[in-house]
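Numbering (my numbering), first residue to last: 112 to 413.
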């Protein structure tokens with residue numbers, strides 16, 4: 112773990128290592144008798160993980176592979192037993208939630224309770240900034256500059272280990288203020304802003320469970336990360352710039368940002384049909400039709 116900490120990995124990544132590596136050895140306490148036993152244990156471990164989602168499977172594989180790679184580097188193993196286990200293909204296509212669903216989602220939290228206040232604040236905060244769930248979970252009160260309508264995602268919680276400062280809309284500032292006002296003074300500045308009712312950090316699993324409860328009422332599945340995807344797509348649809356989106360989301364390259372741009376290509380075509388100079392210069396009969404204009408109903412029709 113000291114080796115991984117020295118690499119400057121994010122807290123979430125470090126937690127994955129401290130979870131999955133000990134869990135493997137707890138399940139196979141005798142696997143270190145020989146390297147052949149270790150290989151068989153790895154095969155069995157991942158065979159039993161067959162029903163896991165590809166992302167979960169790959170996270171476990173990544174953690175064990177990194178650990179065994181370190182043992183090979185230290186001369187403790189001759190080979191990495193995870194090398195023979197293939198990584199699963201993940202569907203990384205961004206999934207944007209319809210705006211009508213998001214509007215209904217924002218109306219569901221009971222803001223008379225602390226948990227409801229927190230959920231509402233976390234929803235509007237994510238939809239306002241596109242922050243990753245793991246980054247939001249690590250934010251402390253001092254990270255927010257509410258008078259300036261800003262939040263700083265510090266390097267300690269940023270996935271890329273690079274801090275960034277993001278603007279906040281007034282409604283988000285108001286939601287955060289109400290949430291902070293509902294906290295006991297004894298919690299202080301070391302308790303995360305988005306925490307449980309007893310002041311403990313809100314885990315990924317807990318937030319996912321809360322989202323599942325809300326979306327069961329909606330009849331539409333919305334996962335925490337879908338809020339980030341929705342922010343990105345709506346940001347571009349409403350005139351945001353791709354490079355501004357890259358910085359806001361904390362992407363180190365344009366690779367992921369381009370996927371959001373691809374999703375909005377039809378929007379670009381629609382805008383072009385409306386705004387092209389040829390729609391002014393050409394005769395009306397030769398102009399492109401406005402894709403957003405509803406067709407006129409014929410008189411006497413139903």
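By construction, the Cβ of each residue, glycine as well, lies at the ideal position given by its N, Cα and C atoms.
Excluding its 5 nearest sequence neighbours in each direction, residue 271 has C-beta neighbours in its own chain below 6 angstroms: 361, 363, listed in chain order. In this structure, the alpha-carbon of residue 230 lies about 46 angstroms from that of residue 388. When secondary structure is reduced to three states using DSSP, residue 169 falls in the helix class.
Of the residues 149, 125, 256, the one whose Cα lies closest to the Cα of residue 136 is 149.
A distance below 9 angstroms separates the beta carbons of residue 359 and residue 241. Scanning its chain for C-beta atoms nearer than 6 angstroms, with the 5 sequence neighbours on each side dropped, one finds no residue around residue 210.
Per the C-alpha coordinates, the member of 133, 200, 339 positioned closest to residue 168 is 200. Minimum Cα-Cα distance from residue 262 among the listed residues 170, 347, 245, 236 corresponds to 236. In this chain, the alpha helix (DSSP H) harbouring residue 287 covers 281 to 292.
Distance between residue 128 and residue 267, taken at the CA atoms: about 17 angstroms.
Contact between the stretch 216 to 232 and the stretch 342 to 356 is not established, with fewer than three Cβ pairs separated by less than 8 angstroms. Per DSSP, the beta bridge partners of residue 255 are 262. Of the residues 213, 260, 227, the one whose Cα lies closest to the Cα of residue 305 is 227. For residue 348, there is no enclosing beta strand (DSSP E); the enclosing alpha helix (DSSP H) has its first and last residue at 335 to 348. By the Cβ neighbour-count rule, residue 171 is buried, with 16 or more other Cβ atoms within 10 Å of its own. C-alpha of residue 307 to C-alpha of residue 145: approximately 44 angstroms in a straight line.
Under the 10 Å beta carbon count, residue 185 is surrounded by fewer than 16 other beta carbons and is classified as exposed. With fewer than 16 other Cβ atoms from the protein chains shown falling within 10 Å of its own Cβ, residue 138 counts as exposed. Your pair residue 216 and residue 329 checks out as a contact, with CB atoms roughly 6 angstroms apart and the cut at 8 angstroms. Within the DSSP secondary-structure output, residue 306 pairs in a beta bridge with 312.
From the listed residues 187, 192, 188, the smallest Cα separation to residue 173 is found for 192. Non-local C-beta neighbours of residue 155 in its own chain, meaning closer than 8 angstroms and more than five positions away in sequence, comprise 139, ordered along the chain. Taking each of 256, 286, 310 in turn and checking the Cα distance to residue 302, the smallest one comes out for 310. Between the alpha carbons of residue 158 and residue 297 lies a distance of about 47 angstroms.
Counting C-beta atoms within 10 angstroms of its own C-beta, residue 245 has 16 or more neighbours from the protein chains shown and is therefore classed as buried.
Around the beta carbon of residue 276, fewer than 16 other beta carbons sit within 10 angstroms, so the residue counts as exposed. Around the beta carbon of residue 340, 16 or more other beta carbons lie within 10 angstroms, which makes this residue buried. In the structure shown, residue 277 falls within a strand segment according to DSSP collapsed to helix, strand and coil.
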